[in-house]
Every structure is written in structure tokens, then in C-alpha cells.
Amino acid sequence: MKTTRDKQTTYSYKTMKSPVGRLKLVASERGLAAIQWENDDPKRVRLAPLVEDENHSVLLEAERQLNDYFAGKLKRFSLRFDFAGTEFQKEVWRALAAIPFGETRSYGDIARQIGRPKAVRAVGAANGRNPISIMVPCHRVIGSNGKLTGYAGGLETKAFLLKTESRKEHRPTATQHDHQLRKPSRINARPLIF
């Protein structure tokens, strides 16, 4: 299993508070490399060396976008990602990134999408190694029976994220603010770059 990453890369990180606990954001000079949970298995995503940098531009932008996401203001992230993984893993992660906000897919759906319908277990393994939780929405992948399956942030967090994404936008009724009704704005996001 060959991964594409040079051994000289230095990563910057910062932590942030979120509704799902503290998150560690990690970036290289090439883009966002990881979003890790405070209780994350250290073997799940291995990036070293790490240097704390509260002012790294990619990390500040990642924090801003995550805050907007949790506030219900953002449905699509627009950061450059710097993935460390095999070509197969990156293919799976690109498929995850294409799952629309508020929708779910099964592992089989992802396997078929990438043209490898028999690779369901390998898709599940790559999903579990996704280094950029939330932004590359592996939480949107569920079992073929519709049940929630494993998640690095925990099943409660997965359920919270899916519930957050399924909420309908609050709109005032015509009797409340008839003159203030307007169409929701579209989020203009750059395409995800891997």
C-alpha cells in the first residue's frame, strides 16, 4: 500500500471548540491535511512533525468555515485539501466529498460510484481512514440497511451531524414578516481540490 506523501512535510495545527467537542485542525503548506477529534485514535491519521500555529491562514479559514457550518450558514466547504493516502483512498475520499449536504450514501453506493462495486469492505476501510472529518463527510455514509455505522468521532457525533444537516431552514411565516421573505442565498464555493 503506497501512500503519496514526502517525509519532509511539516504540519501546523490549531485547536478549536465546536458543538461536537474540541477539534484539532492540521495543515501543510499545500492545504488542510486533517481534522481530528479530541478522543481520536492516534494511529488513525499519522502526521508528523506538528507545530502549533494559531495564525496559519489555512487553519484560520478552516475554523471559520466549520463555525459557519455549525451555525447553519455553510453547506459546502471550499478549502484545498492535502491528503496523505493511497490512490484508492483518495478516490474514495473524492467520492465522499461529492455526497451532497443533507444526503447519505451506503458503502456499496460509494463502491459503485468509483467503479469498484465489489470493493465495499475496502471502501469502508478507506472511509474509516478519512483524515478530514466533517469537511470530507464520511459521516454521510451509512450501512446498506440505513443504520449508522462506525465513526471516528463516535456514533453520537455522527447522529448529531446528520441531524444538523437534515434541519430545514427556519423561515418566518407570511404573517410574521411577509415583506422580509426572500430566497435563500446560494453558497458560491470553489470546487474541492485534492
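If you're matching positions, the sequence shown starts at 0 in numbering that gives the first Met the number 0 and goes up one per residue.
From the three backbone atoms N, C-alpha and C, an ideal C-beta is built for every residue, glycine too.
As the structure is a prediction and not an experimental result, all values here were calculated from the model.
Own chain residues within Cβ distance below 6 Å of residue i, not counting five before or after
| i | result |
| --- | --- |
| residue 8 | 27 |
| residue 15 | 22, 62 |
| residue 172 | Residue confidence for residue 172 is low, a pLDDT of 33 falling below 50, so the modelled location carries little weight; the figure read from the coordinates is stated next. So no residue of the chain qualifies. |
| residue 87 | none |
| residue 37 | 20, 21 |
| residue 103 | 139, 141 |
Beta-carbon contacts of residue i that lie in its chain and below 7 Å, excluding the five residues immediately before and after
| i | result |
| --- | --- |
| residue 148 | 141, 142 |
| residue 91 | 109, 113, 122, 125, 126 |
Integer Cβ distance of residue i from residue j, believed to fall under 8 Å
| i | j | result |
| --- | --- | --- |
| residue 124 | residue 116 | 16 Å between Cβ atoms; not a contact. |
| residue 135 | residue 95 | 5 Å |
| residue 17 | residue 69 | 6 Å |
| residue 78 | residue 51 | About 20 Å; that fails the 8 Å criterion. |
| residue 128 | residue 43 | 7 Å |
Proximity winner among the options, relative to residue i (alpha-carbon distances)
| i | options | result |
| --- | --- | --- |
| residue 160 | 139, 130, 31 | 139 |
| residue 150 | 100, 39, 29 | 39 |
| residue 41 | 76, 152, 104, 60 | 152 |
| residue 164 | 106, 67, 107 | 67 |
| residue 34 | 97, 137, 119 | 137 |
| residue 133 | 65, 49, 48 | 65 |
Separation of residue j from residue i, as counted between CA atoms
| i | j | result |
| --- | --- | --- |
| residue 45 | residue 10 | 11 Å |
| residue 76 | residue 20 | 20 Å |
| residue 188 | residue 146 | Its pLDDT being 37, under 50, residue 188 is placed unreliably in this model, and the coordinates cannot settle the point. |
Contacting residues, own chain, Cβ-Cβ under 8 Å from residue i (five flanking each side not counted)
| i | result |
| --- | --- |
| residue 32 | 10, 25, 26, 46, 80, 81, 82, 83, 130, 131 |
Run of the beta strand (DSSP E) containing residue i, from where it starts to where it stops
| i | result |
| --- | --- |
| residue 23 | 22–27 |
Span of the alpha helix (DSSP H), counted from its first residue to its last, around residue i
| i | result |
| --- | --- |
| residue 122 | 119–127 |
| residue 89 | 86–96 |
| residue 157 | 154–165 |
| residue 68 | 56–69 |
| residue 10 | Taken as a continuous stretch (DSSP letters only), residue 10 belongs to no alpha helix (DSSP H), being part of the beta strand (DSSP E) at 10–15. |
| residue 30 | Where residue 30 is concerned, there is no enclosing alpha helix (DSSP H), although the beta strand (DSSP E) it sits in stretches over 30–36. |
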